[in-house]
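Contents: one structure, followed by commentary.
Numbering (the numbering used here), first residue to last: 16 to 299.
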(Lines of atoms letter the chains of each structure in order from A and count residues from 1; the text may use other names and numbers.)
(Lines give C-alpha, C1' and ligand atoms only; values in the text may rest on other atoms or scores of the structure.)
Protein backbone atom coordinates (compact mmCIF):
# COMPACT_ATOMS: atom_id res chain seq x y z
CA UNK A 1 0.00 0.00 0.00
CA UNK A 2 1.33 3.45 -0.96
CA UNK A 3 1.72 6.12 1.73
CA UNK A 4 -0.88 8.21 -0.16
CA UNK A 5 -3.53 5.51 0.16
CA UNK A 6 -6.13 5.21 2.89
CA UNK A 7 -7.27 1.88 4.34
CA UNK A 8 -10.18 1.91 1.90
CA UNK A 9 -7.79 2.06 -1.05
CA UNK A 10 -8.90 5.58 -2.00
CA UNK A 11 -6.14 8.12 -2.56
CA UNK A 12 -5.99 10.82 0.13
CA UNK A 13 -6.55 13.83 -2.13
CA UNK A 14 -5.80 16.57 0.40
CA UNK A 15 -2.11 15.69 0.28
CA UNK A 16 -1.79 16.86 -3.31
CA UNK A 17 -0.74 20.28 -4.57
CA UNK A 18 -0.92 21.01 -8.29
CA UNK A 19 0.83 23.98 -9.91
CA UNK A 20 -0.21 25.18 -13.36
CA UNK A 21 0.29 28.08 -15.72
CA UNK A 22 1.27 28.62 -19.33
CA UNK A 23 4.85 28.04 -20.39
CA UNK A 24 7.23 30.86 -19.38
CA UNK A 25 4.84 32.07 -16.69
CA UNK A 26 6.99 31.31 -13.65
CA UNK A 27 5.63 27.93 -12.60
CA UNK A 28 9.07 26.32 -12.45
CA UNK A 29 10.66 28.74 -9.94
CA UNK A 30 7.54 28.59 -7.77
CA UNK A 31 7.49 24.78 -7.81
CA UNK A 32 11.18 24.68 -6.90
CA UNK A 33 10.62 27.01 -3.95
CA UNK A 34 7.72 24.88 -2.75
CA UNK A 35 9.80 21.72 -3.02
CA UNK A 36 12.43 23.26 -0.73
CA UNK A 37 9.91 23.45 2.11
CA UNK A 38 10.24 20.58 4.61
CA UNK A 39 6.53 19.76 4.35
CA UNK A 40 6.44 19.57 0.54
CA UNK A 41 7.81 16.92 -1.81
CA UNK A 42 8.31 17.88 -5.44
CA UNK A 43 8.96 15.42 -8.25
CA UNK A 44 12.72 15.14 -8.73
CA UNK A 45 15.20 12.95 -10.55
CA UNK A 46 12.57 11.81 -13.05
CA UNK A 47 14.65 12.51 -16.15
CA UNK A 48 11.73 14.24 -17.92
CA UNK A 49 11.51 17.90 -18.89
CA UNK A 50 11.32 20.15 -15.79
CA UNK A 51 10.29 17.08 -13.72
CA UNK A 52 6.72 17.61 -14.93
CA UNK A 53 4.40 14.81 -13.93
CA UNK A 54 2.48 14.91 -17.19
CA UNK A 55 5.45 13.20 -18.88
CA UNK A 56 5.48 10.33 -16.38
CA UNK A 57 1.89 9.12 -16.67
CA UNK A 58 -0.47 7.55 -19.22
CA UNK A 59 -3.88 8.43 -17.77
CA UNK A 60 -4.47 11.61 -19.80
CA UNK A 61 -2.86 12.98 -22.99
CA UNK A 62 0.00 15.49 -22.76
CA UNK A 63 -0.51 18.92 -24.28
CA UNK A 64 1.39 17.94 -27.44
CA UNK A 65 -1.66 15.82 -28.30
CA UNK A 66 -3.64 19.07 -28.41
CA UNK A 67 -1.22 21.16 -30.48
CA UNK A 68 1.48 21.76 -27.90
CA UNK A 69 2.77 25.00 -26.42
CA UNK A 70 0.87 28.10 -27.50
CA UNK A 71 -2.00 26.06 -28.95
CA UNK A 72 -3.38 23.44 -26.59
CA UNK A 73 -6.08 25.56 -24.92
CA UNK A 74 -7.87 25.93 -28.26
CA UNK A 75 -8.55 22.18 -28.31
CA UNK A 76 -11.70 21.43 -26.25
CA UNK A 77 -10.28 18.00 -25.44
CA UNK A 78 -7.52 19.65 -23.37
CA UNK A 79 -10.08 21.15 -21.00
CA UNK A 80 -10.69 18.25 -18.63
CA UNK A 81 -13.29 18.55 -15.87
CA UNK A 82 -15.09 16.38 -13.34
CA UNK A 83 -17.29 15.16 -16.21
CA UNK A 84 -14.40 13.39 -17.95
CA UNK A 85 -14.77 9.60 -18.26
CA UNK A 86 -11.15 9.44 -17.08
CA UNK A 87 -12.22 10.35 -13.55
CA UNK A 88 -12.03 7.17 -11.48
CA UNK A 89 -10.38 5.86 -8.32
CA UNK A 90 -8.37 3.51 -10.51
CA UNK A 91 -6.92 6.37 -12.56
CA UNK A 92 -6.16 8.38 -9.44
CA UNK A 93 -4.18 5.43 -8.13
CA UNK A 94 -2.40 5.00 -11.47
CA UNK A 95 -1.25 8.62 -11.32
CA UNK A 96 0.03 8.19 -7.79
CA UNK A 97 1.93 5.06 -8.79
CA UNK A 98 3.49 6.97 -11.72
CA UNK A 99 4.64 9.88 -9.58
CA UNK A 100 5.48 8.25 -6.24
CA UNK A 101 8.94 6.95 -7.25
CA UNK A 102 10.02 10.58 -7.67
CA UNK A 103 8.50 11.98 -4.45
CA UNK A 104 9.67 11.82 -0.89
CA UNK A 105 6.37 10.35 0.27
CA UNK A 106 7.26 10.84 3.92
CA UNK A 107 6.45 14.54 3.48
CA UNK A 108 2.95 15.83 4.19
CA UNK A 109 2.26 17.43 0.80
CA UNK A 110 3.00 16.04 -2.66
CA UNK A 111 3.55 18.53 -5.48
CA UNK A 112 3.06 18.04 -9.21
CA UNK A 113 3.71 20.87 -11.69
CA UNK A 114 2.68 20.85 -15.35
CA UNK A 115 1.49 23.74 -17.57
CA UNK A 116 -1.68 21.90 -18.59
CA UNK A 117 -2.91 21.90 -14.99
CA UNK A 118 -4.14 25.41 -15.79
CA UNK A 119 -7.01 23.99 -17.86
CA UNK A 120 -7.56 20.66 -16.09
CA UNK A 121 -7.74 21.70 -12.44
CA UNK A 122 -11.35 20.53 -12.11
CA UNK A 123 -10.34 17.11 -13.40
CA UNK A 124 -7.50 16.86 -10.89
CA UNK A 125 -9.81 18.02 -8.10
CA UNK A 126 -12.27 15.27 -9.02
CA UNK A 127 -9.51 12.65 -8.95
CA UNK A 128 -8.03 14.00 -5.72
CA UNK A 129 -10.79 15.64 -3.65
CA UNK A 130 -9.36 18.21 -1.29
CA UNK A 131 -6.28 18.86 -3.42
CA UNK A 132 -5.00 22.41 -3.93
CA UNK A 133 -4.32 24.20 -7.21
CA UNK A 134 -1.93 27.14 -7.52
CA UNK A 135 -1.93 28.91 -10.90
CA UNK A 136 0.75 31.38 -11.95
CA UNK A 137 -0.26 34.10 -14.44
CA UNK A 138 2.24 36.30 -16.27
CA UNK A 139 1.69 39.25 -18.63
CA UNK A 140 0.51 37.75 -21.94
CA UNK A 141 2.92 39.76 -24.08
CA UNK A 142 5.92 38.91 -21.89
CA UNK A 143 5.02 35.22 -21.72
CA UNK A 144 4.33 35.11 -25.48
CA UNK A 145 7.57 36.87 -26.46
CA UNK A 146 9.48 34.49 -24.19
CA UNK A 147 7.74 31.49 -25.75
CA UNK A 148 8.17 32.78 -29.31
CA UNK A 149 11.92 32.74 -28.73
CA UNK A 150 11.73 28.94 -28.44
CA UNK A 151 10.29 28.57 -31.94
CA UNK A 152 11.76 31.29 -34.20
CA UNK A 153 11.66 29.38 -37.50
CA UNK A 154 8.62 29.00 -39.81
CA UNK A 155 8.85 25.22 -39.39
CA UNK A 156 10.93 23.62 -36.62
CA UNK A 157 12.94 20.41 -37.01
CA UNK A 158 10.14 18.41 -35.38
CA UNK A 159 7.67 19.74 -37.95
CA UNK A 160 6.02 22.19 -35.57
CA UNK A 161 4.90 25.35 -37.35
CA UNK A 162 5.67 28.80 -35.96
CA UNK A 163 2.91 30.43 -33.94
CA UNK A 164 2.75 34.20 -34.42
CA UNK A 165 2.88 36.64 -31.52
CA UNK A 166 -0.79 37.69 -31.95
CA UNK A 167 -1.80 34.02 -31.96
CA UNK A 168 0.29 33.28 -28.86
CA UNK A 169 -1.43 36.13 -27.02
CA UNK A 170 -4.76 34.81 -28.30
CA UNK A 171 -3.92 31.41 -26.85
CA UNK A 172 -3.10 33.09 -23.53
CA UNK A 173 -6.51 34.76 -23.59
CA UNK A 174 -8.32 31.48 -24.32
CA UNK A 175 -6.46 29.54 -21.63
CA UNK A 176 -7.28 32.15 -19.02
CA UNK A 177 -10.90 32.37 -20.13
CA UNK A 178 -11.08 28.68 -19.25
CA UNK A 179 -9.56 29.40 -15.86
CA UNK A 180 -12.22 32.05 -15.22
CA UNK A 181 -14.89 29.58 -16.26
CA UNK A 182 -13.49 26.91 -13.95
CA UNK A 183 -12.85 29.08 -10.88
CA UNK A 184 -16.37 28.79 -9.38
CA UNK A 185 -16.01 25.00 -9.45
CA UNK A 186 -12.79 24.96 -7.43
CA UNK A 187 -12.59 24.58 -3.69
CA UNK A 188 -8.86 25.28 -3.18
CA UNK A 189 -7.68 27.60 -5.95
CA UNK A 190 -5.05 30.32 -5.61
CA UNK A 191 -4.21 32.50 -8.64
CA UNK A 192 -0.88 34.28 -8.36
CA UNK A 193 0.38 36.92 -10.78
CA UNK A 194 4.07 36.58 -11.56
CA UNK A 195 4.51 40.35 -11.41
CA UNK A 196 3.06 40.51 -7.88
CA UNK A 197 5.33 37.66 -6.82
CA UNK A 198 8.42 39.48 -8.09
CA UNK A 199 7.34 42.80 -6.54
CA UNK A 200 6.81 41.36 -3.05
CA UNK A 201 8.00 37.74 -2.80
CA UNK A 202 7.57 37.43 0.97
CA UNK A 203 3.96 38.61 0.96
CA UNK A 204 2.86 36.56 -2.02
CA UNK A 205 4.67 33.42 -0.86
CA UNK A 206 3.02 33.98 2.51
CA UNK A 207 -0.33 33.69 0.73
CA UNK A 208 0.80 30.44 -0.87
CA UNK A 209 1.94 29.08 2.50
CA UNK A 210 -1.41 30.01 4.05
CA UNK A 211 -3.28 28.43 1.14
CA UNK A 212 -1.44 25.16 1.68
CA UNK A 213 -1.50 25.29 5.46
CA UNK A 214 2.27 25.24 5.82
CA UNK A 215 3.67 25.53 9.31
CA UNK A 216 6.59 27.77 8.36
CA UNK A 217 7.37 30.37 5.65
CA UNK A 218 8.47 29.53 2.14
CA UNK A 219 11.98 30.63 1.09
CA UNK A 220 11.83 33.79 -1.00
CA UNK A 221 15.36 33.79 -2.39
CA UNK A 222 14.55 31.97 -5.63
CA UNK A 223 12.51 34.77 -7.20
CA UNK A 224 14.61 36.71 -9.71
CA UNK A 225 13.74 40.33 -10.43
CA UNK A 226 14.24 41.76 -13.91
CA UNK A 227 13.48 38.59 -15.88
CA UNK A 228 10.79 40.42 -17.88
CA UNK A 229 12.85 43.51 -18.72
CA UNK A 230 14.15 42.32 -22.08
CA UNK A 231 10.64 41.51 -23.29
CA UNK A 232 9.32 44.85 -22.08
CA UNK A 233 12.09 46.53 -24.07
CA UNK A 234 11.29 44.42 -27.15
CA UNK A 235 7.62 45.39 -26.97
CA UNK A 236 8.45 49.06 -26.60
CA UNK A 237 10.83 48.89 -29.59
CA UNK A 238 8.01 47.39 -31.68
CA UNK A 239 6.10 50.65 -31.30
CA UNK A 240 8.45 52.44 -33.73
CA UNK A 241 10.28 49.49 -35.26
CA UNK A 242 10.02 47.91 -38.69
CA UNK A 243 6.66 47.82 -40.49
CA UNK A 244 6.33 44.12 -39.57
CA UNK A 245 7.08 44.81 -35.90
CA UNK A 246 4.59 47.68 -35.78
CA UNK A 247 1.97 45.50 -37.46
CA UNK A 248 2.47 42.64 -34.97
CA UNK A 249 2.08 45.01 -32.05
CA UNK A 250 -0.98 46.65 -33.56
CA UNK A 251 -2.64 43.25 -34.13
CA UNK A 252 -2.13 42.30 -30.49
CA UNK A 253 -3.48 45.64 -29.26
CA UNK A 254 -6.55 45.57 -31.51
CA UNK A 255 -7.46 41.93 -30.89
CA UNK A 256 -6.65 41.40 -27.25
CA UNK A 257 -6.34 44.72 -25.40
CA UNK A 258 -9.70 44.51 -23.68
CA UNK A 259 -9.34 40.81 -22.80
CA UNK A 260 -5.96 41.16 -21.09
CA UNK A 261 -7.10 44.20 -19.11
CA UNK A 262 -9.43 41.86 -17.21
CA UNK A 263 -6.31 40.56 -15.47
CA UNK A 264 -4.98 43.99 -14.57
CA UNK A 265 -2.54 44.10 -17.49
CA UNK A 266 -1.91 46.92 -19.95
CA UNK A 267 -0.63 46.66 -23.52
CA UNK A 268 0.50 50.26 -23.42
CA UNK A 269 2.82 49.78 -20.43
CA UNK A 270 3.81 46.20 -19.63
CA UNK A 271 5.11 47.22 -16.21
CA UNK A 272 1.72 48.55 -15.07
CA UNK A 273 -0.26 46.00 -13.06
CA UNK A 274 -3.74 46.58 -11.67
CA UNK A 275 -5.26 45.57 -8.33
CA UNK A 276 -5.02 41.92 -7.37
CA UNK A 277 -8.69 41.90 -6.37
CA UNK A 278 -9.56 41.26 -10.03
CA UNK A 279 -8.02 37.78 -9.94
CA UNK A 280 -10.40 34.80 -9.86
CA UNK A 281 -10.93 32.91 -6.64
CA UNK A 282 -12.34 29.56 -5.64
CA UNK A 283 -15.95 29.04 -4.71
CA UNK A 284 -16.77 30.18 -1.14
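Where a beta carbon is used, it is the ideal one built from N, C-alpha and C, also for glycine.
Expected contact under 8 Å - CB spacing of residue i and residue j to nearest Å
i: residue 158; j: residue 187; result: 6 Å
i: residue 74; j: residue 106; result: 5 Å
i: residue 156; j: residue 282; result: 7 Å
i: residue 297; j: residue 190; result: With a Cβ gap of about 18 Å, residue 297 and residue 190 do not count as contacting.
i: residue 125; j: residue 30; result: 5 Å
Short CB-CB distance (under 9 Å) between residue i and chain D
i: residue 234; result: Reference to chain D is not applicable here, since this structure consists of a single protein chain.
Pairwise C-alpha distance: residue j and residue i
i: residue 28; j: residue 121; result: 15 Å
i: residue 46; j: residue 111; result: 18 Å
i: residue 63; j: residue 43; result: 14 Å
i: residue 41; j: residue 207; result: 10 Å
i: residue 278; j: residue 289; result: 8 Å
i: residue 267; j: residue 180; result: 8 Å
i: residue 260; j: residue 243; result: 19 Å
i: residue 153; j: residue 143; result: 27 Å
i: residue 99; j: residue 134; result: 13 Å
i: residue 141; j: residue 78; result: 20 Å
i: residue 14; j: residue 241; result: For the chain, the structure presents residues 16 to 299; residue 14 sits outside this window and is missing.
i: residue 38; j: residue 252; result: 24 Å
i: residue 291; j: residue 285; result: 16 Å
i: residue 273; j: residue 162; result: 22 Å
Within 9 Å, strictly: CB atoms of residue i and residue j
i: residue 160; j: residue 255; result: no
i: residue 146; j: residue 223; result: no
i: residue 237; j: residue 132; result: no
i: residue 229; j: residue 55; result: yes
i: residue 195; j: residue 295; result: yes
i: residue 89; j: residue 83; result: no
Run of the beta strand (DSSP E) containing residue i, from where it starts to where it stops
i: residue 208; result: 204-208
i: residue 126; result: 124-128
i: residue 31; result: 31-35
i: residue 57; result: 55-57
i: residue 147; result: 147-152
Other residues of its chain near residue i: CB distance less than 7 Å, five sequence neighbours each side excluded
i: residue 168; result: With a pLDDT of 49 at residue 168, under the threshold of 50, the modelled position of that residue is not reliable, and no figure is offered here.
i: residue 60; result: 117
i: residue 235; result: 216, 217, 220
i: residue 67; result: 128, 129
i: residue 287; result: 281
i: residue 65; result: 43
6 Å Cβ shell around residue i - same chain, five flanking residues per side excluded
i: residue 205; result: 149, 226
i: residue 200; result: 137
i: residue 293; result: 279
Span of the alpha helix (DSSP H), counted from its first residue to its last, around residue i
i: residue 156; result: 155-163
i: residue 227; result: 216-227
i: residue 249; result: 244-253
i: residue 276; result: 258-276
i: residue 113; result: 104-114
Chain-order list of residues whose beta-carbon lies under 8 Å from that of residue i (same chain, five-residue window excluded)
i: residue 270; result: 181, 184, 185
i: residue 232; result: 217, 220, 221, 224
i: residue 71; result: 58, 61, 63, 113, 114, 117
Heavy atom of the ligand ATP within 8 Å of residue i beta-carbon
i: residue 106; result: Among the ligands in the structure shown, none appear at all, so the ligand ATP cannot be discussed.
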